[in-house]
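Heads up: the structure comes next, in C-alpha cells.
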Amino acid sequence: MKKIILVLTLAGFVFTAFGQQQYTTLFETSGGTETPEYADVIAYYEKLAEDFSEVQLKTMGGTDSGKPLHLILLDKKGSFDPESWRSEERLVVFVNNGIHPGEPVGIDASMMYLRDILQGKQNWDEDMVLAIIPIYNIGGHLNRNSTTRVNQEGPKAHGFRGNARNYDLNRDFIKTDTKNSESFQEIFQWLQPHVFIDTHTSNGADYQHVMTLIETQHNMLGGAAGKYMYEKLTPGLFSQMKERGSPLVPYVNVWGDVPENGWSQFKDSPRYSSGYASLFHTISYVPEAHMLKTYRQRVESMYKLFQSYTTIFERDKKEIVKVVRADRGATRNQENFDFNYQLVKENPVKIDFLGYESNHKPSEISGKSRLLYDRNKPFEADVDFYDTYLPSLTIKKPNYYVIPQGWQKVIENLQRNQVQLKAVKADTTMNVTAYYITDFETLQSPYEGHYLHSSIHVRKTSQEVSLRAGDWLVPMDQSSNDFIMEVLEPQGEDSYFAWNYFDTILQSKEGYSAYVFEDLAADYLAQNPGLKEELEKKKAADPAFAQDGSAQLRWVYEHSPWKEKEHMRYPIFRID
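Going left to right, the sequence shown walks through residues -19 to -1, 1 to 557 as mature numbering (1 follows the signal peptide of the UniProt record, and there is no 0) numbers them.
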C-alpha cells in the first residue's frame, strides 16, 4: 500500500513538473533576456486554450501584416459571451500588448500571468473576465531586430515601432488608417470593457522607478468613473506596488528638463488607445516600464502591476461595473460636451519621486555640454505634478447629425464603433445648421500620414439642404455620444476634419474669368444695392482693398450666387 501511495505521489510530482515545464516561457528559460517570436506567442496561447476549458483563443479581424488579430479570453464560467457578461454584471478587463513591439514587456508578463491564474498560483475571481490581445502590432513584431530601441536595455531581440505600413498604431485610434485599428475597434465594441490596459516601455529621463503609469486624464474621463479612478483605483495601485517592492510614479513626462523640477500629466487625447477607450467611459491605463532597467526587471514589475490590478479588481469589481454603467447611461441625456482640454499650470499635487542627480559634462562628439544622470547619487523628493486639465471649448449636442452617403469612410467608422444610424428613406429637403470653416492651421510636415489641422474656427448658418434616399441621420441619445461628438464636431483636436477626412471641401472647384464676370458682377450689384453699400464701406475702411480691382471682383464673387456653396462648408450637418 505504501508503495502504491509512493508511486502515485511521485507520479503527481512528475505530472506537476511536466505541466510547469510545458508552459515555461522563453523569458523564463533565457533568464529574463529574451522575448518570443510571433508564432511562438500564438502557439503558447493555443496550448493554453487546448488544455484549459476556461480559456478561448479567437481570431478577430485582420491586420496590415496579413495575419489575423488574436484575442485570448479567460472566463471561469465558460460562457465566452459578452451579452451574458453584461447581464450578469461581470467586470471585463481588456489588456493590449505589443502596440509598440520594441516594448514587449506586456507580451511576456501576460503569458506568465494567465498561465499562473490557470495553474492556481494567482487569483482571478469568476465574476471577472480577462481579454488579452497577445500582439497587436504583428507587422512590427515580425520586423525583429536588436538595434531600433537604442535607449533601451534588452531584450536581445525585439520588434519595431512601425507596423507593416510604418504607422505608429498608437496614433490611429480615431483616424483609422490601418486594418489593425479597424479590428481593434470591433474587438473593443464587442467586449465593452470596464477597464483597459495598454502595456508599454518609456522613453525619457533616468530615475530609480521601474514602472511608471499613465492613467487616462481624469478630467477628460469625468463622471463617476473618473472620480473612482482618480480617488480610489490609482491610489490603490500606488499602494499595492509599493508593498510589492516596485513603487510607481506617474509617467515622467519630462522633455528638455530634469524630473525634480516637476512635470505635467501626459494628455492622452482620443488618437491614443487610452483616450479612445475613455470616450466610451472605460477606465484606462498605459503602464510604461522604464527603458533603462533590465528586461527582467521590467517584465517582473509589469507582472506585479497585474497582481496589483487583480487585488483591487477583486475588491471593487461591483463598484467599477456600477460607475462605468452609470456614466454610459448618463451620456445619453447629456446636453453639453467638452473639447480640447488644456493644462492648468497651478495647484500641483506632490508626488514621491525616486530620482538620480543630474549634471553636465562636455560631449565627446561635439564638445558641447550634455546631460547625464549619476546613478551613484540617488535621491528621494516630493515634486510637483500637474494633473488638472480643463476644456477650452464646450458644444451643445444636436438632436441629430446628418451625413450624406458619399462620406462612406465616416459612416463605416461610426457603424464599426456601434453608433446607431437611421437611413433617410426618400429624397427630401431639410432645414439644418451648417458650419463653414473660417480658419485653421495645418502642419507643415506629415504626421502619421496626415497633415493634421488645428486651431479650427467655424461660422454657423441655417440652410435648407437636399437629402437623398440612403443618406444618414445620427440620433444623439446614445451611450457613444462622446465618441460621436469628438469625431463629428470639426473643432475637436482629433475630429475627422482635423485628420483630413474632409480636405476636398477646402479647395474651390469652380471660378471665373474676370473679363466675363465683370459685367455680371456690375449687374448683380445694381440689382442688390445693399451688397453694393457693403462693398463701398469695405473700400472706405481698407485702402489696400480700394486700390485692388481684382480683390474687389473676388469679393463680389464670394458674395454672389455663383460662388459654390460647397467650398469650405463642412459636409456633416446638424439638426438642432
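A virtual CB, placed ideally from N, CA and C, is assigned to each residue, including glycine.
Keep in mind the model is a prediction, meaning the values are calculated, not measured.
State the beta-bridge partners of Thr40 as determined by DSSP. Residue numbering aside, residue 40 sits at position 59 when the sequence shown is read from its first letter. In DSSP, Thr40 forms a bridge with His51.
Quick one: what's got a C-beta closer than 6 Å to Tyr290's C-beta in the same chain, skipping five residues either side? Taking the sequence shown and counting its residues from 1, one reaches residue 290 at position 309. Within its own chain, no residue has a Cβ closer than 6 Å to the Cβ of Tyr290 once the five positions on either side in sequence are excluded.
According to DSSP, is Lys456 helix, strand or coil? Reading the sequence shown from its first residue, position 475 is the one you call residue 456. Reading the sequence as shown, one finds Pro at residue 456 and not Lys. It is a strand residue.
Quick check on the burial criterion: 16 or more other C-beta atoms within 10 angstroms. Buried or exposed for Ser373? Locating residue 373 in the sequence shown gives position 392, counting from the first residue. Result: exposed.
Quick one: Cα of Thr(-4) to Cα of Asp97, how far? If you number the sequence shown from 1, residue -4 lands on position 16. If you number the sequence shown from 1, residue 97 lands on position 116. Residue confidence is low: Thr(-4) scores 48 on pLDDT, short of 50, so the model does not pin down where it sits. Its coordinate-derived value is still stated next. Those two C-alpha atoms are separated by around 13 Å.
I'd like to know if the region 237 to 248 and the region 346 to 366 are in contact, where contact means that at least 3 CB-CB pairs between them fall below 8 Å. Judged by pairs of C-beta atoms under 8 Å, the region 237 to 248 touches the region 346 to 366, as three or more such pairs exist.
Measuring CB to CB, does Leu286 end up less than 9 Å from Leu194? Along the sequence shown, one-based indexing puts residue 286 at 305. Along the sequence shown, one-based indexing puts residue 194 at 213. When the beta-carbon positions are compared, Leu286 and Leu194 come within less than 9 Å of each other.
For the beta strand (DSSP E) that Glu196 lies in, which residues bound it at each end? Here residue 196 refers to the residue found at position 215 when the sequence shown is read from its first residue. Run containing Glu196: Met192 to Glu196, per the beta strand (DSSP E) assignment.
Are Gly140 and Pro82 touching if we call contact CB-CB under 9 Å? Residue 140 sits at position 159 when you count from the first residue of the sequence shown. Residue 82 sits at position 101 when you count from the first residue of the sequence shown. Yes, the pair counts as a contact, with Cβ atoms nearer than the cut-off.
Limits of the alpha helix (DSSP H) - the one that Lys303 falls within: Translated into the one-based positions of the sequence shown, residue 303 becomes position 322. Per DSSP, the unbroken alpha helix (DSSP H) holding Lys303 starts and ends at Tyr276 to Ala311.
From Thr375, Gln459, Ser426 and Phe478, residue whose alpha carbon lies closest to that of Asp390: Here residue 390 refers to the residue found at position 409 when the sequence shown is read from its first residue. The displayed chain sequence assigns Lys, not Asp, to residue 390. Of the candidates Thr375, Gln459, Ser426 and Phe478, the one whose C-alpha sits nearest the C-alpha of Lys390 is Phe478.
Using three-state DSSP, classify Ile392 as helix, strand or coil. If you number the sequence shown from 1, residue 392 lands on position 411. Judged by DSSP in its simplified three-state form, Ile392 adopts helix.
Who does Ala270 pair with in a DSSP beta bridge? For this step, residue 270 is matched to residue 289 along the sequence shown. Thr182 and Met192, per the DSSP bridge assignment.
For a quick check, are the C-beta atoms of Ser127 and Ile113 less than 9 Å apart? Here residue 127 refers to the residue found at position 146 when the sequence shown is read from its first residue. Here residue 113 refers to the residue found at position 132 when the sequence shown is read from its first residue. Going by C-beta atoms, Ser127 is not nearer than 9 Å to Ile113.
Which residue from Met201, Gln37, Glu474 and Ala30 puts its Cα closest to that of Phe421? Residue mapping note: residue 421 aligns to position 440 of the sequence shown, counting from 1. Comparing alpha-carbon positions, the option among Met201, Gln37, Glu474 and Ala30 lying closest to Phe421 turns out to be Glu474.
Select from Asn132, Arg279, Leu353 and Gln472 the residue whose C-alpha is nearest the C-alpha of Tyr416. Within the sequence shown, the letter at position 435 stands for residue 416. Measuring C-alpha to C-alpha distances from Tyr416 to each of Asn132, Arg279, Leu353 and Gln472 identifies Gln472 as the nearest.
Hey, out of His199, Val455, Gly79 and Thr423, whose CA is closest to Glu393's CA? In the sequence shown, residue 393 corresponds to position 412, counting from 1. Here the closest residue by C-alpha is Val455.
Quick check on the DSSP output: the beta strand (DSSP E) that includes Glu445 runs from which residue to which? As a working mapping, residue 445 is identified with position 464 in the sequence shown. It spans His434 to Leu448 - the beta strand (DSSP E) in which Glu445 sits, taken as one unbroken run.
Would Val(-6) be called buried (16 or more neighbouring beta carbons within 10 Å of its own) or exposed? Counted from its first residue, the sequence shown places residue -6 at position 14. Only weak support exists for where Val(-6) lies, its pLDDT of 43 falling under 50; the coordinates are left without a value.
State the DSSP-derived secondary structure class of Ser265, mapped to helix, strand or coil. Numbered from its first residue, the sequence shown carries residue 265 at position 284. Ser265 falls in the strand class under three-state DSSP.
If you draw a straight line from the C-alpha of Arg142 to the C-alpha of Asp149, how long is it? Sequence index remark: in the sequence shown, residue 142 carries index 161 (1-based). Sequence index remark: in the sequence shown, residue 149 carries index 168 (1-based). Straight-line measurement puts the Cα of Asp149 at about 6 Å from the Cα of Arg142.
CB of Val230 within 9 Å of CB of Phe334, strictly: Reading the sequence shown from its first residue, position 249 is the one you call residue 230. Reading the sequence shown from its first residue, position 353 is the one you call residue 334. Yes, the Cβ-Cβ distance between Val230 and Phe334 is below 9 Å.
How long is the line joining the alpha carbons of Met272 and Arg125, rounded to whole angstroms? The residue labelled residue 272 in the question sits at position 291 within the sequence shown. The residue labelled residue 125 in the question sits at position 144 within the sequence shown. About 18 Å.
Using a threshold of 9 Å, state whether the C-beta atoms of Val383 and Arg555 are closer than that. One-based indexing of the sequence shown puts residue 383 at position 402. One-based indexing of the sequence shown puts residue 555 at position 574. Going by C-beta atoms, Val383 is nearer than 9 Å to Arg555.
Under DSSP, the beta strand (DSSP E) around Val110 begins and ends at which residues? Position 129 of the sequence shown, counting from 1, holds the residue named residue 110. Going by DSSP, Val110 is part of the beta strand (DSSP E) stretching over Met109 to Ile114.
Under the DSSP definition of a beta bridge, which residues are partnered with Thr129? Within the sequence shown, numbered from 1, the residue matching residue 129 stands at position 148. None; Thr129 has no bridge partner.
Which residue wins for smallest C-alpha separation from Thr14, given the options Gln508, Leu501, Pro542 and Gln278? Within the sequence shown, numbered from 1, the residue matching residue 14 stands at position 33. When only C-alpha atoms are compared, the closest one is Gln278.
Which residue marks the beginning of the alpha helix (DSSP H) containing Pro510, and which one marks its end? Sequence index remark: in the sequence shown, residue 510 carries index 529 (1-based). In the DSSP assignment, Pro510 falls within the alpha helix (DSSP H) that extends over Pro510 to Ala522.
Going by Cα to Cα distance, which pick from Phe498, Phe61, Ser259 and Val233 is closest to Phe464? By one-based count along the sequence shown, residue 464 stands at place 483. By alpha-carbon distance to Phe464, the top candidate from Phe498, Phe61, Ser259 and Val233 is Ser259.
Would Arg146 and Thr159 be called neighbours here (beta carbons separated by less than 9 Å)? Looking up residue 146 in the sequence shown gives position 165. Looking up residue 159 in the sequence shown gives position 178. Yes. Within cutoff.
Pairwise C-alpha distance: Asp89 and Asn78: Here residue 78 corresponds to residue number 97 of the sequence shown, with the count starting at 1. Here residue 89 corresponds to residue number 108 of the sequence shown, with the count starting at 1. Near 9 Å, if we compare the C-alpha coordinates of Asp89 and Asn78.
Count the other CB atoms within 10 Å of the CB of Glu467; is the residue buried (16 or more) or exposed (fewer)? In the sequence shown, residue 467 corresponds to position 486, counting from 1. Residue environment analysis places Glu467 among the buried positions, since at least 16 neighbouring C-beta atoms fall within 10 angstroms of its C-beta.
Here's a check: name, in chain order, each residue in its chain whose Cβ is nearer than 6 Å to the Cβ of Val74, leaving out the five neighbours to either side. By one-based count along the sequence shown, residue 74 stands at place 93. If you ignore the 5 residues before and after Val74, its C-beta comes within less than 6 Å of the C-beta of Leu111 and Val176, all in its own chain and listed in chain order.
Pairing CB atoms from the region 487 to 495 with CB atoms from the region 537 to 554, are three or more of them under 8 Å? Contact between the region 487 to 495 and the region 537 to 554 is present, because at least three Cβ pairs lie under 8 Å.
What's the C-alpha gap between Ala205 and Ser435? Counted from its first residue, the sequence shown places residue 205 at position 224. Counted from its first residue, the sequence shown places residue 435 at position 454. Between Ala205 and Ser435, the C-alpha separation is close to 30 Å.
Which partner residues of Phe334 appear in the DSSP bridge assignment? The residue labelled residue 334 in the question sits at position 353 within the sequence shown. As a beta-bridge residue in DSSP terms, Phe334 pairs with Ala362.
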